[in-house]
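Beneath this line is the structure, given in C-alpha cells, with notes to follow.
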Amino acid sequence: MTLIADAVAALGLTLPPASAPVATYVSTVRSGALLYVSGQIPMADGQPACLGRIGDGLSAADGLRAAQAAALGVLAQVAAATDGRVASVRQVVKLGVFVACTPDFTGQPQVANGASDLMVAVFGDAGRHTRAAVGVAALPRGVAVEVDAVFELEAGQ
Amino acid sequence: MTLIADAVAALGLTLPPASAPVATYVSTVRSGALLYVSGQIPMADGQPACLGRIGDGLSAADGLRAAQAAALGVLAQVAAATDGRVASVRQVVKLGVFVACTPDFTGQPQVANGASDLMVAVFGDAGRHTRAAVGVAALPRGVAVEVDAVFELEAGQ
Amino acid sequence: MTLIADAVAALGLTLPPASAPVATYVSTVRSGALLYVSGQIPMADGQPACLGRIGDGLSAADGLRAAQAAALGVLAQVAAATDGRVASVRQVVKLGVFVACTPDFTGQPQVANGASDLMVAVFGDAGRHTRAAVGVAALPRGVAVEVDAVFELEAGQ
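Residue numbers (my numbering), protein chains in the order written: chain A, 12 to 168; chain B, 12 to 168; chain C, 12 to 168.
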C-alpha cells in the first residue's frame with residue numbers, strides 16, 4: 012500500500028504539488044486503461060526552475076537534475092489522478108523527454124536518465140518505459156527540460 | 012446534432028478542407044476508441060500559411076493564430092474521419108504543439124493556447140485535453156506551428 | 012507467413028539487430044493492442060550512423076537515408092517484440108520523426124518519407140500511418156534523425 016509520495020520521499024526527494032495548468036488544457040486525461048499526462052516542467056516553490064539551455068551555461072548533469080524535477084511533476088499528476096498508490100500504476104508506457112540545448116549537445120540520453128531512473132526507482136519493473144529523448148530549441152518559461160508521459164493504470168483507478 | 016463545421020463557423024472561423032498527405036502516410040488512423048491525427052500545419056487557400064519563426068519577425072500573437080489555424084486542420088481531419096458531428100468526439104485526449112522559434116522564446120504555452128482554446132470552444136468539457144508545447148528548430152514548409160493529436164471517439168464512429 | 016526480416020531483405024535492405032537501451036528504459040512496451048517503440052536512431056555495425064544536421068553539411072537525401080535507417084531500427088524492435096511475422100502487425104499507427112536540422116531547413120516531410128515509405132513497402136496498407144515530422148536542435152549521439160512509433164498488433168502477439 013506504498014504511496015507514490017512515500018516512495019519518492021524514500022529516495023530523499025519530495026513530491027511537489029500537482030501544478031495547475033494556466034490555460035484551457037488539463038494535466039491528465041484518462042482514456043481506457045491509459046492516463047495521458049501533459050508536459051511537465053521543473054518547479055521549485057511554485058516557480059519554474061532549472062532555467063537555461065544545456066550546452067550554454069548548463070551541463071548534462073544540470074540537465075539530469077532538471078529531467079528528474081520534471082519527472083517528479085509527472086508523478087505528482089499521476090498521484091493526483093489516482094488514489095496515489097504506487098500499485099495503481101500497472102506500467103509506465105512512454106516518456107517524451109524534450110531537452111532545450113545547443114545544436115552541438117548530443118547527451119540527451121544522459122539527461123533523460125534523470126526521468127527514467129526515477130520511474131524505475133519508484134515503480135520497479137512497472138517503471139520500465141519506452142521513451143524518446145530529443146534536443147529542442149526552447150521550452151516554456153525558459154526551463155531546460157520538459158517531460159510528458161503515458162501511463163497504464165490498474166483497473167479501478 | 013451540431014456539426015464540427017457549424018461549431019467552428021459559430022466562432023467566426025472556417026473549417027478548411029481536410030488536406031491530403033503528399034506522401035505515403037495518412038491523416039488519421041483509428042485504433043480501438045482512439046483516433047490518431049497526423050501533424051497539421053496552418054493552411055490558407057490550399058497553401059502553407061503563417062510562415063516564419065516566433066521571435067524572428069513573428070510575435071507570440073502571430074504564433075497563437077498559427078496554432079489556431081493548425082488546430083482547424085486537426086478538426087477538419089477529425090470531421091472527415093467521422094460523421095462530422097461534435098458529439099462523435101468523446102474526448103480530446105492529447106495535443107502536441109510544436110512551435111518554430113528562436114532559442115530565447117519562452118512563450119510556447121501562450122502560442123499553444125490558440126489550439127487549446129479552439130478545442131474547448133468547439134467541444135466544451137470534452138475538449139479539455141493534455142498537451143505538450145515545445146519550441147523546435149524548424150517545421151515543414153517553413154510554417155510557425157504544427158499540431159498533432161489523439162482523440163477518443165464515441166462508439167459507432 | 013512472411014517475416015519482417017525477409018520483407019526488408021526483399022527491398023535490398025538489412026534488418027539490423029534490435030539495439031539494447033543503455034539505460035533504465037526499454038525498447039518496447041505493450042499496452043492492450045498497442046506496442047510503443049522507443050525512439051530509434053540510425054545504426055551501422057553497432058554504432059550511431061548518419062551523423063550531423065540537415066542543412067549543415069547533410070542534404071535532404073542524406074536525411075531520407077537516415078530516416079530509413081532509424082525506421083529499420085523500429086522494425087527490428089517490433090520483430091523482437093513479436094514472433095517477427097509481417098502479419099503480426101495489424102496497423103502502423105503513428106511515427107514521430109525528429110530531424111536535426113538548421114533553422115532554415117523546411118524539407119522535414121521529404122526526410123520523413125524515408126521512414127514512411129519503408130513502412131508501406133513492408134506492411135502494405137497496414138503500414139499507412141499517421142506521423143508528425145519536426146525539425147529539432149540536436150539528437151542523441153549526434154545523429155540526424157530519430158524515429159519513435161506506436162504499432163497495433165494482432166491478437167495473440
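Cβ atoms here follow ideal geometry from the backbone N, Cα and C, with glycine treated the same way.
Between B/Val40 and C/Thr141, the C-beta spacing is below 7 angstroms. At the C-beta level, C/Asp159 and C/Gly50 come within 7 angstroms of one another. At a Cβ-Cβ threshold of 7 angstroms, A/Leu129 and A/Gln79 count as neighbours.
Near chain A, meaning a CB-to-CB distance below 8 angstroms, the residues of the region 29-61 of chain C are Val33, Ala34, Thr35, Tyr36, Val37, Ser38, Thr39, Val40, Ser42, Gly43, Tyr47, Val48, Ser49, Gly50.
Taking CB atoms only, A/Asp159 has a neighbour in chain B less than 7 angstroms away. The Cβ of C/Phe109 sits closer than 7 angstroms to at least one Cβ of chain A. In this structure the region 149-157 of chain C lies against the region 55-67 of chain C, because at least three pairs of beta carbons, one per stretch, are closer than 8 angstroms. The CB of C/Ala143 comes closer than 8 angstroms to the CB of Ser49, Gly50, Gly107, Phe109, Glu157, Asp159 in chain B, given here in chain order. Counting only the Cα atoms, B/Ala123 lies some 44 angstroms from C/Asp17. With the criterion set as a beta carbon lying under 7 angstroms from some beta carbon of chain B, the members of the region 120-136 of chain C are Pro120, Asn124, Ser127, Asp128, Val131, in sequence order. B/Gln119 is a Cβ neighbour of B/Ala144, given a cutoff of 7 angstroms. Between A/Val19 and A/Leu86, the beta carbon gap of about 6 angstroms places them in contact (Cβ cut-off 8 angstroms). Contacts between A/Gly138 and chain B, judged by CB atoms closer than 7 angstroms, are missing: the closest CB pair is about 20 angstroms apart.
The C-beta of A/Thr13 comes no closer than 7 angstroms to any C-beta of chain C. Note that the C-beta distance between C/Gly125 and C/Leu75 is below 7 angstroms. Against chain A, the beta carbon of B/Gln168 has no neighbour under 8 angstroms; the closest one sits roughly 14 angstroms away. Taking a Cβ-Cβ threshold of 9 angstroms, the residues of chain A close to C/Leu150 are Thr117, Gln119, Ala144, Val145, Gly146, in chain order.
Put simply, the CB of C/Gly68 is far from chain A, with every gap to its CB atoms at 7 angstroms or more.
Secondary structure of C/Leu62 (DSSP, three-state): strand. Taking a Cβ-Cβ cut-off of 8 angstroms, the neighbours of B/Gln102 in chain A comprise Val40, Ser42, given in sequence order. According to the DSSP assignment, C/Arg142 belongs to the beta strand (DSSP E) that extends over 141-147.
Taking 7 angstroms as the cut-off, the beta carbon of C/Ile52 is found no closer than this to the beta carbon of C/Ala34. By the C-beta density criterion, A/Thr117 is buried, having at least 16 other C-beta atoms within 10 angstroms.
According to the DSSP secondary-structure assignment, B/Arg41 is paired through a beta bridge with B/Leu46. Between C/Gly153 and chain A, the shortest Cβ-Cβ separation is below 7 angstroms. In the structure shown, C/Leu106 falls within a strand segment according to DSSP collapsed to helix, strand and coil.
Burial state of B/Gly135 is exposed, judged by a 10 Å Cβ sphere holding fewer than 16 other Cβ atoms.
By alpha-carbon distance to A/Val154, the top candidate from B/Pro32, B/Gly146, B/Val154 is B/Gly146.
Burial check for C/Gly107: the Cβ neighbour count within 10 Å reaches 16 or more, so the residue is buried.
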